[in-house]
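One line per chain: the protein sequences are G and R, in this order.
For the first sequence, the numbering used here assigns the number 1 to the initial residue and increments by one for each residue that follows.
For the second sequence, the numbering used here assigns the number 1001 to the initial residue and increments by one for each residue that follows.
Just so you know, even glycine gets a beta-carbon here, dropped at the ideal spot from N, CA and C.
Number of protein chains: 2
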Amino acid sequence: MKKNDAITPREVDMAKWYSEICLKAELMDYSKVKGFIIYRPYGYAIWEQIKNYLDHQFKLTGHENVYMPLLIPQSLLQKEADHISGFAPECAVVTKGGEKDLKEPLYVRPTSETLFCDHFHDILNSYRDLPIKYNQWCSVVRWEKTTRPFLRGSEFLWQEGHTLHRTSAEAREETLRMLNIYNKMGEELLAIPFITGKKTDKEKFAGAEETYTIEALMPDGQALQSGTSHYFGNSFAAHYDIHYLDDDNTLKVPYQTSWGVSTRLIGSIIMEHGDDNGLVLPPYVAPIQVVIIPIRPELNGEINKRAKYLYDKLVEKGVRVKIDNSPSSPGWKYAQYEMKGVPIRIDIGPKDVEKNSVLLVRRFDSSREIYSFDDSLVDKIISEFETINKGMYDKANRYLHSHIVEVHSKEELKDVLTNNKGYAKMMWCGCRECEDKIKEEFNATARCMPFNQEGFDDVCPICGKKASKVVLFARAY
Amino acid sequence: MKKNDAITPREVDMAKWYSEICLKAELMDYSKVKGFIIYRPYGYAIWEQIKNYLDHQFKLTGHENVYMPLLIPQSLLQKEADHISGFAPECAVVTKGGEKDLKEPLYVRPTSETLFCDHFHDILNSYRDLPIKYNQWCSVVRWEKTTRPFLRGSEFLWQEGHTLHRTSAEAREETLRMLNIYNKMGEELLAIPFITGKKTDKEKFAGAEETYTIEALMPDGQALQSGTSHYFGNSFAAHYDIHYLDDDNTLKVPYQTSWGVSTRLIGSIIMEHGDDNGLVLPPYVAPIQVVIIPIRPELNGEINKRAKYLYDKLVEKGVRVKIDNSPSSPGWKYAQYEMKGVPIRIDIGPKDVEKNSVLLVRRFDSSREIYSFDDSLVDKIISEFETINKGMYDKANRYLHSHIVEVHSKEELKDVLTNNKGYAKMMWCGCRECEDKIKEEFNATARCMPFNQEGFDDVCPICGKKASKVVLFARAY
Chain G
1 MKKNDAITPR EVDMAKWYSE ICLKAELMDY SKVKGFIIYR PYGYAIWEQI KNYLDHQFKL
61 TGHENVYMPL LIPQSLLQKE ADHISGFAPE CAVVTKGGEK DLKEPLYVRP TSETLFCDHF
121 HDILNSYRDL PIKYNQWCSV VRWEKTTRPF LRGSEFLWQE GHTLHRTSAE AREETLRMLN
181 IYNKMGEELL AIPFITGKKT DKEKFAGAEE TYTIEALMPD GQALQSGTSH YFGNSFAAHY
241 DIHYLDDDNT LKVPYQTSWG VSTRLIGSII MEHGDDNGLV LPPYVAPIQV VIIPIRPELN
301 GEINKRAKYL YDKLVEKGVR VKIDNSPSSP GWKYAQYEMK GVPIRIDIGP KDVEKNSVLL
361 VRRFDSSREI YSFDDSLVDK IISEFETINK GMYDKANRYL HSHIVEVHSK EELKDVLTNN
421 KGYAKMMWCG CRECEDKIKE EFNATARCMP FNQEGFDDVC PICGKKASKV VLFARAY
Chain R
1001 MKKNDAITPR EVDMAKWYSE ICLKAELMDY SKVKGFIIYR PYGYAIWEQI KNYLDHQFKL
1061 TGHENVYMPL LIPQSLLQKE ADHISGFAPE CAVVTKGGEK DLKEPLYVRP TSETLFCDHF
1121 HDILNSYRDL PIKYNQWCSV VRWEKTTRPF LRGSEFLWQE GHTLHRTSAE AREETLRMLN
1181 IYNKMGEELL AIPFITGKKT DKEKFAGAEE TYTIEALMPD GQALQSGTSH YFGNSFAAHY
1241 DIHYLDDDNT LKVPYQTSWG VSTRLIGSII MEHGDDNGLV LPPYVAPIQV VIIPIRPELN
1301 GEINKRAKYL YDKLVEKGVR VKIDNSPSSP GWKYAQYEMK GVPIRIDIGP KDVEKNSVLL
1361 VRRFDSSREI YSFDDSLVDK IISEFETINK GMYDKANRYL HSHIVEVHSK EELKDVLTNN
1421 KGYAKMMWCG CRECEDKIKE EFNATARCMP FNQEGFDDVC PICGKKASKV VLFARAY
């Protein structure tokens, strides 16, 4: 299978394999400041596909985009105690502006709850203004000690939704609606199956009442939190003095949500699908969906003509397609587009012209198929997208479900967590001490309490007390 | 004409009129940090239209989007002397990260030339890599003393293009190609005629060899620089050690450009087209192109049915349309959508149903027309967009060209500049001293040397020396 000597095999060193793909597929480069990466055109184009997909979904569900300032005054960040203690330690702080020392330090936004809250305080008046459903596309800064491209950066790109509702029920519904949009994106766009569920109190967002998550499982058995959706109740609203006049003429405090996904999703895609030849992209998120390679076009004038004809027809149908006419050898090109994870390669050579056919090679399973060069070709290529996306999703889903192991004792828990077996599904007492112990002994965390809470044991294997919750524990990125 | 008592008339106080439109049309709000504004949904949606238009044009002309880090190390910013002296005084500086003092201060990007140069140094190898044509959508920070929403902010949204070319001729061509795209956007999207031309050395970008500009003329006779395109030659490339191996096997330094427009364009639109009833938006940039107002729908069930039918038909054709079914009075709604500058209002009331017609009211000239409610209605509405856009452009263009005044003496120059007469078109000697004098005495600057350099005088009216250039002087935002 392995054809590209240039990268370290995943089995040998997954971290190295990952970094090499990031660089060699030209997704990113490092900048002079630790943890701040350069999103190169190919990496950024993946993010643009994710943005387009989500922005469309957000607008369909009645959300509007806004843009809040980059800098947050210290006094504003401090209003919600949990929030400041959660975020302040990882902030970058501006202390000088226009060559003068500032009176008050300004924090580069690590997230924008406080800014949205302050704005909501100013603009919300009547129950008629509700719901307010905003989203923002921006970058945020968190001063991380250990950084890895896309997975954990001191700066990353993301979207953050912020909404206000009249009732708690409506806000809870919004929280789950957005989680479902993320989950659907996993299936439709990224070919990644997520485990969805609720975070434990220890793991929830600083200041949230409830946090829901989409968790992906990587090939090394580690979980990757890929997006979250928070129900805030009205604690932020109370701290930031947000209220409205209800139709019964009394002042009320609205209920709030926030939710976000980031360029970390690019990290999920790389690890979930990549192989020893490089990146493997699902078709709907791929910046280049089809690459056409004319083979020895100098031998037959028909070759380039057919390549161009097919290219035009695919463009007409909205397919993201490229012809590579460069002087490099076919072998070099194959390796190149494999590294870049282009889902479909189409070769047209002298023999193909003779036989009135083309060769189609799928990236994800290396399967090859000969298609007639006729009127049905374009539709056949397009129908491959669905087949490939489903094939990739199903493969990842089989892996995921074979790596959720019910554990009934501490020994079984240890086995799953220390031998890369994925999620340990455990009945948990609900107390923080047991979570802390698991973290300390096995370096693993409660990833989520899945929506399906069908129990299977009576006691928590850590403390022996009555178990009340089904929890998935795993090591995580 | 004036129906909305809520805002200050433009003639009375243009600055106040402007700020009131910004707030009352809900384009923006102020944040707690001076010069940092909140882009509210309606303002941000205008920016999204501009983004969509330009992003499409950039991609059609072979540009790729990237994202560079937010923070620039001081040492990197310092490599180009003109550049650092131009930008450092207006930078925000991060000195703390993760609760520790940083060893080297990090500047929040005021623009990203230095980051692009550093990256180009790393990725450029061979002549085969050229041209490299990148663009970035982001926000930048410049610590401004006097700020006004959209026109001059400490933070603003923009795009910055950065390209590298093998030859000087190709880079110059790129510089003008992008200027032309901006100019075409003025005509097609913003209904704003720009004066295009070259900046004098005094006015050019810090570090550029040549700067080209699009300048709009506001109703108070002041110019508004609305976008620039720079030819860098290879000075940046030399300072940042960017080179490539050419096909003759020698190392060469490439030629560079950069170009950008910002949310300042929203300011141009407000001032260029707005009136005493509020914002007036050209149809192609308007977030809501058509608003349908059912009048007394309780009187005839057909009214809401027709409104919904028309709405659906317009949505089908991709028109951005809204029905306002709220309980507010028609008069209140009219004032509301006038304030928001919605280009076309359609009223459907009981009499319209009787006569099988609708009333169409254009925002920009208040003209009213009765149209049959038949199969041709949708196409007629859509064809209004072009008529309105052209009408708005032509009006602005007549104003512009009646406010370019040839001056032959210092007295004439003074008259134009101090009496809000627009551009003083003057023959200039080419020396910096005369520019400084005009700045000092009349608070005006050389806006540009227009492409048409047909001369009309022999001497510079300031110093009496031989004149060599046609220059447009004006006061400017």
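- Near chain R, meaning a CB-to-CB distance below 7 Å, the residues of the segment 46-76 of chain G are Glu-48, Glu-64, Asn-65, Val-66, Tyr-67, Met-68, Pro-69, Leu-70, Leu-71, Pro-73, Leu-76.
- Taking 7 Å as the cut-off, the Cβ atoms of Val-1141/R and Ala-1092/R count as close.
- By the Cβ neighbour-count rule, Thr-1387/R is exposed, with fewer than 16 other Cβ atoms within 10 Å of its own.
- Taking 7 Å as the cut-off, the beta carbon of Gly-221/G is found no closer than this to the beta carbon of Asn-443/G.
- Taking a contact to require three or more Cβ pairs closer than 8 Å, the segment 1159-1169 of chain R and the segment 1248-1260 of chain R qualify as touching.
- Lys-32/G has a beta carbon lying within less than 7 Å of a beta carbon in chain R.
- In the structure shown, Arg-172/G adopts helical secondary structure according to DSSP, grouped into three states.
- Across the set Val-1290/R, Glu-1272/R, Asp-1436/R, the C-alpha of Val-1290/R shows the shortest separation from the C-alpha of Tyr-1337/R.
- Interface with chain G (7 Å Cβ-Cβ cutoff): Ile-1038/R is included.
- Pairing Phe-1232/R with Glu-1203/R gives a Cβ-Cβ distance that is not under 7 Å.
- Sequence-distant partners of Gly-186/G (beyond 5 residues in either direction) whose C-beta falls short of 6 Å from its own C-beta, in its chain, are Ile-192, Phe-194.
- The shortest CA-to-CA distance from Gly-331/G to any of Val-319/G, Asp-347/G, Thr-61/G, Tyr-212/G is the one to Asp-347/G.
- Apart from sequence neighbours up to five positions away, the residues of its chain that approach Gly-1062/R with a beta-carbon distance below 6 Å are Lys-1133, ordered along the chain.
- Within the same chain, and ignoring the five residues on either side of Ile-266/G in sequence, the residues whose Cβ sits closer than 6 Å to its Cβ are Ile-46, Phe-150.
- Taking every protein chain shown into account, the CB of Ala-1015/R has fewer than 16 other CB atoms within 10 angstroms, so this residue is exposed.
- The beta carbon of Lys-1198/R sits no closer than 7 Å to any beta carbon of chain G.
- The three-state secondary structure of Ala-1216/R, taken from DSSP, is strand.
- Residues of the segment 1076-1101 of chain R with a C-beta less than 7 Å from any C-beta of chain G: Leu-1076, Pro-1089, Glu-1090, Ala-1092, Val-1093, Val-1094, Thr-1095, Lys-1096, Gly-1097, Gly-1098, Glu-1099, listed in chain order.
- Listed along the chain, the chain G residues whose CB falls inside 7 Å of the CB of Ser-1139/R are Leu-70.
- For the 7 Å CB-CB criterion, Ala-474/G and Arg-447/G form a contact.
- Closer than 7 Å to the CB of Glu-1203/R there is not a single CB belonging to chain G.
- The C-alpha of His-243/G is placed about 53 Å away from the C-alpha of Met-339/G.
- Taking 7 Å as the cut-off, the beta carbon of Ile-404/G is found no closer than this to the beta carbon of Lys-437/G.
- Between the segment 99-112 of chain G and the segment 67-76 of chain G there are three or more C-beta pairs closer than 8 Å, enough to call the two in contact.
- Distance from the CA of Ser-468/G to the CA of Gly-455/G, rounded to the nearest whole angstrom, comes to 8 Å.
- A distance below 7 Å separates the beta carbons of Arg-363/G and Val-280/G.
- In the DSSP annotation of this structure, Ser-1262/R is not part of any alpha helix (DSSP H); the continuous beta strand (DSSP E) holding it starts and ends at 1255-1262.
- Distances from the CA of Glu-155/G to each of Arg-1152/R, Lys-1079/R, Tyr-1067/R, Ala-1223/R were compared; the closest alpha carbon is that of Tyr-1067/R.
- One thing to note: Val-361/G has its Cβ within 7 Å of the Cβ of Arg-368/G.
- For the 7 Å CB-CB criterion, Val-1321/R and Tyr-1311/R form a contact.
- If only uninterrupted alpha helix (DSSP H) runs of at least 4 residues are considered, those enclosed by the segment 308-347 of chain G are 330-339.
- For Ser-262/G, the number of other beta carbons within 10 angstroms of its own is at least 16, and it is reported as buried.
- For the beta strand (DSSP E) assignment, the uninterrupted runs of no fewer than 3 residues enclosed by the segment 184-211 of chain G are, from N- to C-terminal side, 195-198.
- Contact with chain G is absent for Tyr-1337/R, since none of that chain's Cβ atoms lies less than 7 Å from the residue's Cβ.
- No Cβ-Cβ contact shorter than 7 Å links Glu-1113/R with His-1239/R.
- The DSSP-derived three-state label of Trp-143/G is coil.
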